[in-house]
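Comments concern the structure below.
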């Protein structure tokens, strides 16, 4: 453009909830209210308080769905006489209709790119523009899960950014004499290949003069400014003989012009100026990077080097504003958090971000996977099919030059019986016409012949519907599992689709941060429930301990991906919380992209980064005397190869004392591969019972794993499986008893597993596990000999497997091992607790303490036995009647008195 007229500021405004504005010619009316644009109706608080969304998603404090009218005057200066004017709305949300001086110009509905309207040659002087934005009637972009919710696409759903009404980003009138309608930059062999399209603008329908009037000299001036300041220029003569002039040309660049990738994100800039008779007609500028992405078999290569995508989803969640950031600073916050955690890739789930996101990703060297704004059925609804194709066209036209834009997929988990043919056509067309990125049909599914890559939900530790049969709930930890079965089944690169989904207890201390248009009613509900049960002060520790387990689970999921040969990468769901779909608190960072109190980004990068040492071990619980054995490997996806050297390993005890160490020599290691280094053996004969940490260092990176050594012990505990009158009499008389009922004897409460719960129990209809890990009360004497930290340890899988927690029901037992319940229930659950009853001591246990061949349970049994043999205890006192009533309620299911 040559000139612009800024339209941000105060606009006249009116709501139209009954939809009467069109019939009543509101485009000629005066509006009594006003609103600031850029902005939204929610931010301006133009409606009364709305109903609570409960646990479903964040509540819009001032919601509005329907048409709204915006109007203002502006002045075209004399200097713009004879020029053509466009209206540019960077990001409206809803169908936009435009009137200028009472004349309707047109309508547009685009969820991903600016809305542009050619207004014509506006005379100098005052003009009035009227906009009608309607967020009530979108194409069926989100009807993939009709039985749960009619709209789940993150581009429009209340579950994510919210279905706001307004216009954000740039709002302006642009003036030009003609238009450089397209400026595509592709990295070529000797420079950049350009596709340029020029539109001649002429108001005459019948006798245009722009290209028929002779005697004019048209030129295209091109200047490429490299990141080091060097400039390369070209001037090309133009032959304008119609309203449309396409150009395909190559612009040579210096052979040493810097390339773009995650390690060296060099950005260059191209300016194109169309001149007629020496005067400017239009100019256009674009950033670009020199990079080439391709697939080679099962690998993705960038500039010839294999890359591994360590990704997370961006689900369009921005509680402060209720809409995406339109400035670079907002995206530096989000993408800064991504990079802090060692990730190099972001997938935009069923939406496309604005220009500022691409600009920041270009600067930082992030690889972006963009989707059209759909999560729906395709190949059956002509409207949504046409809309999806149009949105893809607009996305590529608007953002296609950004080097960070490396992948385009139609949408998330798309469906429909006509889906496959529709997607194959889409892929065939786009792969042929634009080689600047990789293409896929749908994230998650289906598999397609023409796809450049695939993503599937199977390569992860917990899949939808697996429940307690999932890998880390059904079996103790080992680090030999990888996803080769799924990788080898495909001929193209495979990505892990939405891996993780491990939940954490809500951070209720974050409630005051939600001071924008979206309220965390789910958190308020949890806080009130805890308050009513007298346990509000337990929330922080539940969050911290479940967060430690969540991080350990993400560590194992990520490492399983890294130790898979020929794998393309993974996409987490997610680094950030997802406060919709029933409230899915899956992030180690919150909805604002801020690290939660338990999250340490530097620690996260130890298992998620360009260089990650890996340990391939069959197990992490040993009986003293059995050697700890593991293979050592390294995932190496750096800028350069790793020179020959050695990997170092060490074993430290809980106090940091060095107990073993060694080295493994390695030759030169080529980047872009998984390298097996050798084997590690640690003798345990001289190790006391306890937790040990093995650290492996290679290539300047290190990573650690805990393992546990247990002595062979056998304790003679006074275990009873019933707690009736006879047992209570024994307690009153001074005996010590361990009440350990069988799981099936306990009234069902939460379905207990080792991992935290998956996604959330509201959205998954209660899929197990329904708990969030343990709190080990490490101040208790039992832990003076039984090794455990405050949160769950991997060795405690043995204590939890096939068990059912005890619901202490607020009775006042002394806690030893608590179970963190689903925040939707907040039951008072425990594995181990104690009380004084009369002169005796009572331990209640949900753990199998007797079955042989279980070294962890045997060690805990011995610790309990030593505790019971000690003369003193700080356990609270309970009456026999209270214990009896609790037993009837918890074991037999009888109603409480």
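In my numbering, the protein residues as written are 114 to 1010. The beta-carbon is built from N, C-alpha and C at its ideal position, and this holds for glycine as well.
Approximately 25 Å separates the beta-carbon atoms of residue 685 and residue 652; this is outside 8 Å, ruling out the contact. Judged by their CB atoms, residue 674 and residue 596 are nearer to each other than the 8 Å cut-off. Counting along the chain, residue 684 sits inside the beta strand (DSSP E) bounded by residues 682–686. Residue 916: not part of any alpha helix (DSSP H); DSSP gives it neither H nor E. Excluding its 5 nearest sequence neighbours in each direction, residue 465 has C-beta neighbours in its own chain below 6 Å: 225, 483 and 508, listed in chain order. In the structure shown, residue 921 adopts coil according to DSSP, grouped into three states. Taking 8 Å as the cut-off, the beta carbon of residue 563 is found no closer than this to the beta carbon of residue 526.
Judged by DSSP secondary structure, residue 655 falls within the alpha helix (DSSP H) whose first and last residues are 652–675. In this model, residue 664 and residue 187 are separated by some 54 Å (Cα to Cα). Under a 10 Å Cβ-count criterion, residue 641 is classified as exposed, with fewer than 16 other Cβ atoms of the shown protein chains found around its own Cβ.
Residue state for residue 427 is assigned as strand, using DSSP reduced to three classes.
A residue is called buried once 16 or more other Cβ atoms fall within 10 Å of its Cβ, and residue 481 is buried on that count. The beta carbons of residue 870 and residue 950 sit no closer together than 8 Å. Straight through space, the alpha carbons of residue 497 and residue 253 are spaced by roughly 6 Å. One alpha carbon belongs to residue 214, the other to residue 604, and they sit about 58 Å apart. Scanning 528, 875, 279 and 812 for the CA closest to the CA of residue 493 turns up 528.
In the DSSP annotation of this structure, the continuous segment of the beta strand (DSSP E) that includes residue 357 starts and ends at 357–365. According to the DSSP assignment, residue 452 belongs to no beta strand (DSSP E) but to the alpha helix (DSSP H) extending over 441–453. The C-beta of residue 274 has 16 or more other C-beta atoms within 10 Å across all chains shown, which makes the residue buried.
By the Cβ rule, the stretch 148–161 counts as touching the stretch 114–125, because three or more pairs are nearer than 8 Å.
Distances from the alpha-carbon of residue 736 to those of 144, 697 and 799 put 799 closest. When secondary structure is reduced to three states using DSSP, residue 379 falls in the coil class, being assigned neither helix nor strand. Between residue 680 and residue 613, the alpha-carbon positions lie close to 17 Å from each other.
Counting other Cβ atoms within 10 Å of its Cβ, residue 861 stays below 16 and is therefore classed as exposed. Note on the stretch 546–622: whole beta strand (DSSP E) runs with a minimum of 3 residues are 551–556, 567–569 and 607–613, in chain order. If you draw a 10 Å sphere on the C-beta of residue 355, you find fewer than 16 other C-beta atoms in it, and that means exposed. Residue pairing from DSSP places residue 904 in a beta bridge opposite 888. Looking from the CA of residue 632, the closest CA among 771, 176, 143 and 130 belongs to 176.
Of the candidates 370, 207 and 914, 370 places its Cα closest to the Cα of residue 345. For the pair of segments examined, the stretch 416–434 was found to touch the stretch 452–467: the number of CB pairs separated by less than 8 Å reaches three. In the same chain as residue 804, and ignoring 5 residues on each side of it, the C-beta atoms closer than 6 Å to its own belong to 767, 819, 821 and 900, in chain order. Annotation: residue 637 to residue 866 spans about 27 Å, alpha carbon to alpha carbon. Rounded to the nearest angstrom, the gap between the Cα atoms of residue 325 and residue 352 is 11 Å. The alpha helix (DSSP H) runs of length 4 or more contained entirely in the stretch 486–531 are, from start to end of the chain, 495–512.
The DSSP-derived three-state label of residue 346 is strand. Just measuring C-alpha positions, the residue of 974, 957 and 956 sitting nearest residue 963 is 974.
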